[in-house]
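Take 2 as the starting number for the sequence shown in our numbering and just add one per residue.
Glycine included, C-beta positions come from ideal geometry on N, C-alpha and C.
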Amino acid sequence: MAGLDEAALERGGEAAGRIFFFLSHAAGSARNYPDLYPRIRKAFRTVPLDLSGHGARREERLLYSMEEIVEDLHRQAAASLEGAKTPPYHIFGHSMGALNAFLLAVKLTENGHPPPERLFLSSYSVPGWHPIPPGMAKLPDREMWEESALRFGVLNGEPVPSEERMRLFSPAYRADLLAVEGYRPPEPSPVLDAPLTVFYAENDMVDGELAGAWRDFSSRPLDLVKLPGGHFHPLENPLQLEDILLSRTSGPGL
Numbered sequence: 002m003a004g005l006d007e008a009a010l011e012r013g014g015e016a017a018g019r020i021f022f023f024l025s026h027a028a029g030s031a032r033n034y035p036d037l038y039p040r041i042r043k044a045f046r047t048v049p050l051d052l053s054g055h056g057a058r059r060e061e062r063l064l065y066s067m068e069e070i071v072e073d074l075h076r077q078a079a080a081s082l083e084g085a086k087t088p089p090y091h092i093f094g095h096s097m098g099a100l101n102a103f104l105l106a107v108k109l110t111e112n113g114h115p116p117p118e119r120l121f122l123s124s125y126s127v128p129g130w131h132p133i134p135p136g137m138a139k140l141p142d143r144e145m146w147e148e149s150a151l152r153f154g155v156l157n158g159e160p161v162p163s164e165e166r167m168r169l170f171s172p173a174y175r176a177d178l179l180a181v182e183g184y185r186p187p188e189p190s191p192v193l194d195a196p197l198t199v200f201y202a203e204n205d206m207v208d209g210e211l212a213g214a215w216r217d218f219s220s221r222p223l224d225l226v227k228l229p230g231g232h233f234h235p236l237e238n239p240l241q242l243e244d245i246l247l248s249r250t251s252g253p254g255l
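Now the structure itself:
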């Protein structure tokens with residue numbers, strides 16, 4: 002693994018003094034991600050950012066607009082970055098989480114924080130693009146999840162969740178779909194002064210052309226990475242992704 006200092010991994014994330022934020026796909030919990038990447042957990046202080054109404058914050062109200070979502074994420078992230086000097090940080094976002102990650106990075110810089118050392122975006126194209134079929138968010142629960150499986154593929158071998166899981170996750174999924182569908186990016190689009198690594202998978206609707214559109218959203222050269230798998234490749238093949246994350250984050254802090 003290029004440039005990785007194994008001794009630094011043994012010191013643990015808190016000692017490393019760097020933060021790695023994680024943002025999840027629609028209806029998911031970011032808390033699932035750090036557990037998949039144990040070497041990242043050792044090298045960084047990992048901070049999963051759950052949306053209101055999701056994961057550990059399931060009892061909080063759902064948010065139906067990207068503006069509210071970004072404000073909420075910014076509040077969480079800024080609290081982790083407070084101090085005399087902002088610690089170096091990275092952000093990883095998958096699917097809807099990639100859109101959230103970019104908008105969060107922009108919001109942080111607009112509010113006086115330095116940009117992330119690197120922004121990792123997975124299986125999503127640029128703000129203003131989305132793959133959601135018209136009316137999907139308004140379908141009955143079962144039909145909504147069936148359409149989701151056709152469009153995005155199957156996670157954990159479940160084309161349609163159990164009745165109990167549908168009751169649990171459908172409200173959050175609808176809220177996320179409506180937020181993405183309703184988002185209209187500003188003109189001109191913000192350009193982030195940070196390197197972007199963008200992942201796309203060989204069996205996903207986000208191909209190299211869609212993923213490559215991110216090159217216009219950073220002042221740095223785009224790092225475009227094709228991986229095997231489908232839309233949920235970070236959850237299905239975590240080792241291959243962790244290797245790349247670590248190879249792109251080696252440096253003085255490790």
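Could you tell me the alpha carbon to alpha carbon distance between residue i and residue j, rounded to whole angstroms?
i: Leu64; j: Leu225; result: 31 angstroms
i: Arg76; j: Leu120; result: 18 angstroms
i: Lys43; j: Gly136; result: 43 angstroms
i: Gln241; j: Leu247; result: 10 angstroms
i: Lys139; j: Met145; result: 8 angstroms
i: Ile92; j: Phe21; result: 6 angstroms
i: Thr110; j: Asp194; result: 9 angstroms
i: Ile262; j: Leu122; result: The structure shown has nothing for residue 262, since the chain only spans 2 to 255.
i: Gly94; j: Leu105; result: 10 angstroms
Quick check on the burial criterion: 16 or more other C-beta atoms within 10 angstroms. Buried or exposed for residue i?
i: Trp215; result: buried
i: Asp205; result: buried
i: Asp36; result: exposed
i: Ser219; result: buried
i: Asn112; result: exposed
i: Ala173; result: buried
i: Asp73; result: buried
i: Pro39; result: exposed
i: Arg152; result: exposed
i: Asp177; result: buried
i: Thr250; result: buried
Quick test of your reading: residue i and residue j, contact by CB under 8 angstroms. State the CB separation rounded to the nearest angstrom.
i: Pro229; j: Ala202; result: 7 angstroms
i: Leu82; j: Tyr90; result: 7 angstroms
i: Pro191; j: Val107; result: 5 angstroms
Nearest to residue i by alpha carbon, out of the options?
i: His281; options: Ser123, Phe170, Gly94, Gly231; result: Past the edges of the chain, shown from 2 to 255, lies residue 281, and the structure says nothing about it.
i: Phe45; options: Arg58, Ser53, Phe23; result: Phe23
i: Pro235; options: Glu148, Asp208, His26; result: His26
i: Arg143; options: Val48, Glu164, Gly231, Val127; result: Glu164
i: Ala180; options: Arg19, Glu69, Val155, Leu50; result: Glu69
i: Leu197; options: Ile41, Pro162, Ser126, Arg168; result: Ser126
i: Pro186; options: His114, Phe103, Gly154; result: Phe103
i: Thr87; options: Pro117, Arg62, Ser96; result: Pro117
In terms of residue numbering, what span does the beta strand (DSSP E) encompassing residue i cover?
i: Asn204; result: 197 to 204
i: Ile133; result: Neither: Ile133 is in no beta strand (DSSP E) and is coded neither H nor E.
i: His91; result: 90 to 95
i: Pro49; result: 46 to 49
Tell me the residue span of the alpha helix (DSSP H) that contains residue i.
i: Lys139; result: First-last for Lys139: undefined, no H or E at that position.
i: Asp177; result: 164 to 183
i: Tyr65; result: Counting along the chain, Tyr65 falls outside any alpha helix (DSSP H), and DSSP gives it neither H nor E.
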